[in-house]
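For the sequence shown, the residue numbers in this note's numbering are 9 to 1009.
To start, the structure itself, in structure tokens.
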Amino acid sequence: MKKPYLLTSILLTILLLVPCSAYSGKDHDGEQEKNWKESSYREGELLVKFLPTVTADSRKKAHEKHCAQMLKEFRLKDGYLAHVKLKEGCSAKDGIKQYAQDPEVEYAEPNLLIGSHMLPDDTHFTSLWGLHNTGQTGGKPDADIDAPEAWDIARGDGRVVVAVLDTGIDRRHTDLAPNIWTNEAEANGRPGVDDDGNGYVDDVYGIDVLSGGEPMDLNGHGTHVAGIIGAIGNNGRGTAGLNWNVKVVACRFLDSGGNGTVDGAIACLEYVRTLRDRGVNIIATNNSWGASGFSEALYDAIGAQQDILFITGAGNKNLDNEVVSHYPAKYYLPTIISAVATDHLDNKAWFSNFGKRSVHVGAPGEGIVSTLPNNQYGLSSGTSAAAPFVTGLAALLQSQDMLRDWRSIKNLILAGGDATDDMSITTISGRRINAHGSLTCNKKPLFSLLKYSTAVNIPATLSAVSIDCGTPVAPVTLRTYFSNETIELRDDGTGPDLAAGDGVFSASWTPTRENEVLFIGSAAGSEIVAPPLDIVSSVLSAGTVGAQYSEMLIAKGGVPPYSWKVTTGSPPTGITLNGATGELSGVPSTTGTAPFAAEAKDSNGASVKKTVYLSIIQPLVISTQSLSGGAVDIPYSDTLTATGGKMPYAWALSAGKLPNGLSLGGTTGTISGSAVEAGSFDVTIQVVDSASRTDMKTFRLAVIGIVAQAVPFGTVGTAYSQQFIVQGGIPPYAWEVVTGHLPVGLVLDPVAGRIHGTPTSAGSWDLTVQVLDGNGMSAAQTITIPCYQPLNIVTPTLPAGKIGMPYAQTLSGSGGRPPYSWSLASGALPPGLTIDEAGRIAGTPMNAGSYSAGIKVVDENNSTASATVSIAVAAQLVIDTPNLSSGLISRPYSDDLAAMGGTPPYTWSVLSGSLPDGLTMNGTSGAIAGIPGSAGTFTCTVQVTDAASESAAAAVFLSIADRATAPELSIRFFSAPFAAGAGKVVTLSATTKNYGPGDAG
9 MKKPYLLTSI LLTILLLVPC SAYSGKDHDG EQEKNWKESS YREGELLVKF LPTVTADSRK
69 KAHEKHCAQM LKEFRLKDGY LAHVKLKEGC SAKDGIKQYA QDPEVEYAEP NLLIGSHMLP
129 DDTHFTSLWG LHNTGQTGGK PDADIDAPEA WDIARGDGRV VVAVLDTGID RRHTDLAPNI
189 WTNEAEANGR PGVDDDGNGY VDDVYGIDVL SGGEPMDLNG HGTHVAGIIG AIGNNGRGTA
249 GLNWNVKVVA CRFLDSGGNG TVDGAIACLE YVRTLRDRGV NIIATNNSWG ASGFSEALYD
309 AIGAQQDILF ITGAGNKNLD NEVVSHYPAK YYLPTIISAV ATDHLDNKAW FSNFGKRSVH
369 VGAPGEGIVS TLPNNQYGLS SGTSAAAPFV TGLAALLQSQ DMLRDWRSIK NLILAGGDAT
429 DDMSITTISG RRINAHGSLT CNKKPLFSLL KYSTAVNIPA TLSAVSIDCG TPVAPVTLRT
489 YFSNETIELR DDGTGPDLAA GDGVFSASWT PTRENEVLFI GSAAGSEIVA PPLDIVSSVL
549 SAGTVGAQYS EMLIAKGGVP PYSWKVTTGS PPTGITLNGA TGELSGVPST TGTAPFAAEA
609 KDSNGASVKK TVYLSIIQPL VISTQSLSGG AVDIPYSDTL TATGGKMPYA WALSAGKLPN
669 GLSLGGTTGT ISGSAVEAGS FDVTIQVVDS ASRTDMKTFR LAVIGIVAQA VPFGTVGTAY
729 SQQFIVQGGI PPYAWEVVTG HLPVGLVLDP VAGRIHGTPT SAGSWDLTVQ VLDGNGMSAA
789 QTITIPCYQP LNIVTPTLPA GKIGMPYAQT LSGSGGRPPY SWSLASGALP PGLTIDEAGR
849 IAGTPMNAGS YSAGIKVVDE NNSTASATVS IAVAAQLVID TPNLSSGLIS RPYSDDLAAM
909 GGTPPYTWSV LSGSLPDGLT MNGTSGAIAG IPGSAGTFTC TVQVTDAASE SAAAAVFLSI
969 ADRATAPELS IRFFSAPFAA GAGKVVTLSA TTKNYGPGDA G
């Protein structure tokens, strides 16, 4: 405990990480999950809300099922809330998961920690500037709640009771003791007995939910709060509370360090509601504590206090509660009043949280002197000090008129305050409380929007407070600017409206358009809700000297229409600003960049300024005059250039086609690559600058190249001609052979580009021909000219064939370009013979005769040559004289051997055996002649060979008889067929002559 007049304060930072819970399905803008992650909680404990229909036995079984022990149960207006302790080893996270699966459970949540709102401050103040500010602390005179003026009207009433839910109260403090509420039934009853039957034993001055004993203050926070509400006044000592006469009941749930949990707060609220239900005139509870985590259980518990104001501080982190939530101040419930702390200059205290749509009113909260335990006094700061000023005012208003209910008291507090600049942007009412103003309130209307949303297609609640002093002011109407909707808000306690007649009007609405502007109001006042006014334009598109310019300055947000003006600087020469439309237009005459400040003002009077920049530049022009020529297969590069406009430039092909192999760089303007086709190409190039200005120009790109074509071969002795064709160049042309040599006999015409002449030798010549055009561009082509000897057939005479004998003969050629392809061009080969592509005549002749045929040969160059060939086919060679005529000894003998078929002439010979002595054979004619020298029958084998070296043999018989005994018959055939096939019947004619002495029969 600090010495008198030293600041006693506690700051508690709340953190909570709870990954899952069972939710009730109520709409709290998703605050549960969002804020539990920033809060702390008591591990192993939960708050579990059951559905209203669940019986006590079922609730008990549920706790047993989930291994939990019920510590306390609270009866809410729509069900039962249990404070349970989980079995050892079961975390809050595990317990929430288990209860979440129970269909009889509405929600389960951790038991959040709660802390007081005091901030440390060692500055010593001896004056109660919050009640009456004369500038004694260096502040602003009359930046107070006008307590002396209010005390002329009311100083409190002992019938009015307020509850302080805090660290307890030192009831023995001499400046508080007369105003401490006393439960007479318990005070005069028996210790340890619930004498008044309210469910709480020995609750003489309130209860301590932590120890079960008397709610004594071991911290100082609760005592300081109580002194602001109700320290005895005009008693010649200490300080004075706003109520000199009031009753304060204590409920201690914050420990000596100023820390507590949600279950303790709920237990206190349950106790207060019990007292109220039993006739104690509790008008308000003071709740100078909070946390950043959302508790559904605490929300329900506060909601159950339907006739009791719940007054709390906004928090001490200098944060906007609509961005970073602080509870219970952020809860949207009818009975809540949350307070911003103000300083002695009538500004928001530097530490205080705030909220234009969630924090109701301002109250003194910096450097506040009040009571401390053990008859001490101290200086403290925080919204913990601001809240009891509001609570004290609620009690004072009740004391003035005991028939006032919470609705009129709340509205008088809000409407009766003093409007200040800071409060206009940080609170709902825009006011710091003024006790005298609330007690004497007359024609002080207040209108303020509480809840709204412009999120498209998402159902939302609209609500606004519309009062005149303590009375609601209707009707309240919303009109939308763009979608032209009209919605009436009602204060009837139905639908989204939480309480009838409390001056808060509500409606449901689903926005249909983004950035909608809302006009909402009543006879009490009005508000316009619009997106922040802003000038979107900053760096304007550049203009061009001498060209008409037009661009609109663009604003967004605010309430259209807008008006415009230039406040500093000026647009470029020639450009003016239209004040009604925001159009900058004209014809600029000089280049440069002109910054100037433009102001936009909306129809609601809001204005915004912004410096904008407008550059004027020279016109964009492609400065390249022509493209350099190129050549096929030669690397090419030429870069286009432009002037004026605003870099960087973007280049593109607008019309025409670049040669294949070349491309245009979009950022560099370079045409590059290696062209693979020749010709003259007309292309239109476009350049675009960063302000989308354009210029176009048409170019002709000439790519010189020799047209690729097949080079013909040459033939020795035959005239040759090859004409080259050039494309893309500019005449005149000059041709030359730059490498290699032409075939002997050929020359290149240097002007016409033609190779001509008559080759004189065969071979293959590789050479490169180059053409140079009139611009000095060149193209080259490497070619090969083969030259061949003339194609000829060199096998004109063919051997004869024989009937029935296999025949094969291959023709041969010379010159040309092998391989050759042979075919029959005219006439016919002997039947049985054919010719193939290889020039082979083969088969078995079938008929004798002499045959002539035209033969054609074709080489690889498709050159041809022809020749006529003859083939004679003879019959098969045979000896047709099987028997010779008989002869006589010593008598001249002559007979001829005969042959047919084959190829004459023939030659004859004796293969085996012998002729009779005295006879010989003529090898040429086959005649046998002579004078036989011996008698007998002689057999020998004779052979005939024709001109083709074919041969035939036969055995012949020759009889030589003795003249005395043998007839001399001679038979000679004089006619016979040339040939006879097998099985053929032939007719022979012959003569017979007998030379001998004997008879022939």
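The beta-carbon is built from N, C-alpha and C at its ideal position, and this holds for glycine as well.
These figures come from a predicted structure and were not determined experimentally.
Of the residues the options, which one's Cα is nearest the Cα of residue i?
i: Glu868; options: Tyr914, Ile630, Ser942, Pro798; result: Pro798
i: Asn251; options: Ala158, Ala347, Thr790, Trp517; result: Ala158
i: Ile3; options: Pro603, Gly138, Asp641, Val512; result: A question about residue 3 goes unanswered here, because the residues of the chain that appear run from 9 up to 1009.
i: Leu87; options: Pro60, Lys69, Gln77; result: The displayed chain sequence assigns Gly, not Leu, to residue 87. Taking only the C-alpha atoms, the option nearest Gly87 is Pro60.
i: Arg180; options: Asp903, Tyr213, Ala873; result: Tyr213
i: Met908; options: Ala403, Trp916, Ala883; result: Ala883
i: Leu526; options: Pro539, Ser831, Ala395; result: Pro539
i: Lys80; options: Leu55, Ser99, Thr63, Gly103; result: Leu55
i: Thr678; options: Ser416, Glu222, Ser769, Thr632; result: Thr632
i: Ala515; options: Gly554, Leu548, Pro480, Lys459; result: Lys459
i: Ala70; options: Ala312, Leu94, Glu51; result: Leu94
i: Arg825; options: Ala155, Thr945, Gly862, Tyr796; result: Tyr796
i: Ala178; options: Arg167, Asn382, Lys705, Gly910; result: A small correction: the amino acid at residue 178 is Asp; Ala does not occupy that position in the sequence shown. Ranking the options by Cα distance to Asp178, first place goes to Asn382.
i: Asn891; options: Gly910, Ile843, Met560, Thr947; result: Thr947
Just curious, the beta strand (DSSP E) that residue i is in, first and last residue?
i: Ala350; result: Per the sequence presented here, residue 350 reads as Thr, with Ala not at that position. Segment 344–350, the beta strand (DSSP E) holding Thr350.
i: Lys864; result: 857–866
i: Pro453; result: 453–459
i: Glu51; result: 49–58
i: Gln313; result: Here Gln313 belongs to no beta strand (DSSP E), and DSSP marks it neither H nor E.
i: Lys325; result: Unbroken run through Lys325: none, as it is neither H nor E.
i: Gln91; result: Inspection of the sequence shows that residue 91 is occupied by His rather than by Gln. Its beta strand (DSSP E) spans residues 87–94.
i: Pro372; result: 369–372
Buried or exposed for residue i, going by 16 or more other Cβ atoms inside 10 Å?
i: Asp315; result: exposed
i: Lys255; result: buried
i: Lys452; result: buried
i: Lys73; result: exposed
i: Gly759; result: Position check: residue 759 holds Val in this sequence, whereas Gly was assumed. Label assigned to Val759: exposed.
i: Gln556; result: exposed
i: Trp44; result: Annotation note: pLDDT 49 at Trp44 (below 50); position unreliable, coordinate value reported separately. Classification of Trp44: buried, given that the 10 Å Cβ count is 16 or more.
i: Phe490; result: exposed
i: Glu114; result: buried
i: Lys338; result: buried
i: Ile849; result: buried
i: Trp189; result: buried
i: Val950; result: buried
Quick check on the DSSP output: the alpha helix (DSSP H) that includes residue i runs from which residue to which?
i: Ala195; result: 192–195
i: Ser416; result: 414–423
i: Ser392; result: 391–408
i: Ser682; result: No alpha helix (DSSP H) contains Ser682, which is instead part of the beta strand (DSSP E) from 678–682.
i: Glu72; result: 64–73
i: Arg281; result: 270–285
i: Ile104; result: 100–108
i: Leu447; result: 443–447
Please list, in chain order, all residues of the same chain as residue i whose beta carbon is under 7 Å from its beta carbon, the five residues on each side excluded.
i: Ser942; result: Ile897, Pro924, Asp925, Ile968
i: Pro27; result: In this prediction, Pro27 has a pLDDT of 27, which is less than 50 and means its spatial position is unreliable; what the coordinates show is noted afterwards. Hits under 7 Å: Lys101.
i: Tyr570; result: Ala563, Gly590, Ala608, Lys609, Asp610
i: Asp954; result: Leu885, Gly910, Thr911, Pro912, Tyr914
Whose C-beta lies closer than 8 Å to the C-beta of residue i among residues of the same chain, with five residues either side of it excluded?
i: Leu756; result: Trp743, Glu744, Val745, Leu750, Arg762, Ile763, Val777
i: Met9; result: For Met9, the predicted structure reports a pLDDT of 30, less than 50, and the residue's modelled location is therefore unreliable. A value from the coordinates is still provided. Once the five neighbours on either side are set aside, the close Cβ partners of Met9 are Thr16, Gly228, Leu380, Pro381, Asn382, Gln384.
Return the chain-ordered list of same chain residues with a C-beta closer than 6 Å to the C-beta of residue i, the five sequence neighbours on each side being excluded.
i: Lys564; result: Asp542, Val544
i: Asp774; result: Gly748, Thr792
Please report whether the beta-carbon of residue i lies at a distance below 8 Å from any beta-carbon of chain B.
i: Pro838; result: No chain B appears in this structure, which consists of one protein chain only.
- Message: Please give me, in chain order, every unbroken run of the beta strand (DSSP E) with length at least 3 that falls completely inside the segment 567–652.
- Response: DSSP runs (the beta strand (DSSP E)) wholly in the segment 567–652: 571–577, 583–585, 591–594, 600–609, 615–625, 643–647.
- Task: May I have a chain-ordered list of the beta strand (DSSP E) segments no shorter than 3 residues that lie completely inside the segment 718–797?
- Result: List check, beta strand (DSSP E) in window: 728–731, 742–748, 754–756, 762–765, 771–780, 786–796.
- Starting from the N-terminal side, write out each stretch of the beta strand (DSSP E) that is 3 residues or longer and does not extend beyond the segment 800–885. Runs of the beta strand (DSSP E) inside the segment 800–885: 815–818, 829–835, 841–843, 848–851, 857–866, 872–882.
- Item | Completely contained alpha helix (DSSP H) runs for the segment 146–182, where each covers 4 or more residues | You should have 155–159.
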